[in-house]
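Numbering (the working numbering), first residue to last: 2 to 218.
C-beta: ideal position from N, C-alpha, C; glycine also.
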């Protein structure tokens with residue numbers, strides 16, 4: 002349902018099945034005819050468990066440490082796990098500054114520790130990007146984590162699952178470039194933002210240990 006620049010998505014009465022097929026979640030990278038949205042992949046030089054833990058941090062979202070991003074996240078409803086606000090069932094409102102603007106409300110629908118997280122978008126209001134979900138499901142963000150060989154870090158796959166994305170407001174006539182612009186921005190910014198966040202939160206780089214062990218050999 003859409004009104005102006007506010008879109009409220011259908012909320013399924015049951016969680017939509019994902020067809021999970023293993024810890025590596027290779028299906029996220031499939032590009033067959035049934036795939037929608039897009040995915041990006043990158044590596045971060047930190048242990049998978051540490052990255053997973055920070056993605057579910059009650060304090061702040063990964064990637065915004067040490068920056069005046071204008072991003073503010075508020076937990077509207079804590080998750081079902083006792084003492085852990087960001088757990089399955091958590092509903093979070095995020096307000097954005099430039100250049101995204103607006104706000105979104107998302108629900109944490111699925112967790113497979115320490116390899117997979119799925120957020121579903123319940124509402125977007127006044128955002129720069131406008132997402133259209135599938136007929137039977139909301140737009141969603143899926144994050145899959147895979148350990149790299151020799152404990153050198155974590156391979157990250159992020160999939161934005163939607164049918165269509167465009168621009169709200171005066172730039173709506175340029176919506177045909179919205180997906181490419183969003184993907185390029187994520188590929189350019191997320192790796193360094195995640196690495197900076199993990200470093201500022203006190204984690205040691207896993208690739209340093211890997212290099213030390215290699216030198217000893």
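Note: residue 117 is bridge-paired with 113, 145 in the DSSP secondary-structure output. Look at residue 64 here: in three-state DSSP terms it is coil, with no helix or strand label. In the DSSP assignment, residue 163 falls outside any beta strand (DSSP E) and carries neither an H nor an E. Here residue 44 carries a strand assignment [DSSP, helix/strand/coil]. Residue 168 carries a strand assignment under DSSP once its states are collapsed to helix, strand and coil. Excluding residues up to 5 positions away in sequence, 204 lie with their Cβ nearer than 6 Å to the Cβ of residue 51 in the same chain. According to the DSSP assignment, residue 206 belongs to no beta strand (DSSP E), since it is labelled neither H nor E.
Note that the C-beta distance between residue 129 and residue 80 is not below 9 Å.
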